Amino acid sequence: MAALAQQVAVAMQSRLLFEQMQRSREQLSEALRIASMGYIELDFLNQTITLSDEYYVCCARHQKTKADNQLPLAIYSSKIYAARRYTA
Numbered sequence: 081m082a083a084l085a086q087q088v089a090v091a092m093q094s095r096l097l098f099e100q101m102q103r104s105r106e107q108l109s110e111a112l113r114i115a116s117m118g119y120i121e122l123d124f125l126n127q128t129i130t131l132s133d134e135y136y137v138c139c140a141r142h143q144k145t146k147a148d149n150q151l152p153l154a155i156y157s158s159k160i161y162a163a164r165r166y167t168a
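So, in structure tokens, the structure goes:
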């Protein structure tokens with residue numbers, strides 16, 4: 081019986097931690113939106129870049145789907161260099 085009570089306590093604590101993490105993510109997203117900031121996450125191992133939703137808002141771009149947030153590094157790099165060529 082004590083083991084079951086301990087498992088329930090662990091499950092409840094896990095749920096509370098998950099809810100706290102979810103609130104923190106929502107607060108961070110709101111802060112990024114208010115500050116007009118976004119972020120880029122680079123995965124060297126898989127050679128991909130993940131762009132935050134806020135990144136698209138900052139750049140006045142629209143992603144078609146959530147999957148558009150992740151790009152191969154080579155494609156992202158070519159777009160950045162192409163954009164710089166025209167603005168330089």
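Here my numbering is used: the first residue of the sequence shown is 81, the next is one more, and so on.
Ideal Cβ positions, reconstructed from N, Cα and C, are used throughout, including at glycine.
Computed from a prediction, not measured in an experiment: that's the story for all the values here.
Is the stretch 111-128 in contact with the stretch 152-161, if contact means three or more CB pairs nearer than 8 Å?
-> Of all C-beta pairs linking the stretch 111-128 to the stretch 152-161, three or more are shorter than 8 Å, placing the two stretches in contact.
Neighbour-count burial assignment, residue 134, 16 or more Cβ in a 10 Å radius | Residue numbering aside, residue 134 sits at position 54 when the sequence shown is read from its first letter. So residue 134 counts as buried.
Should residue 119 and residue 132 be called a contact, given that it needs their Cβ atoms to be closer than 8 Å?
-> Here residue 119 refers to the residue found at position 39 of the sequence shown. Here residue 132 refers to the residue found at position 52 of the sequence shown. The answer is yes: Cβ separation under 8 Å.
With a CB to CB cut of under 7 Å and the five nearest residues on each side skipped, what residues in its chain are close to residue 111?
-> Residue 111 sits at position 31 when you count from the first residue of the sequence shown. Closer than 7 Å at Cβ, skipping near neighbours: no residue.
CA-to-CA distance, residue 83 to residue 99, given in whole angstroms = To locate residue 99, count along the sequence shown from 1; it is residue 19. To locate residue 83, count along the sequence shown from 1; it is residue 3. Linking residue 99 to residue 83 through their CA atoms gives a straight-line distance of about 24 Å.
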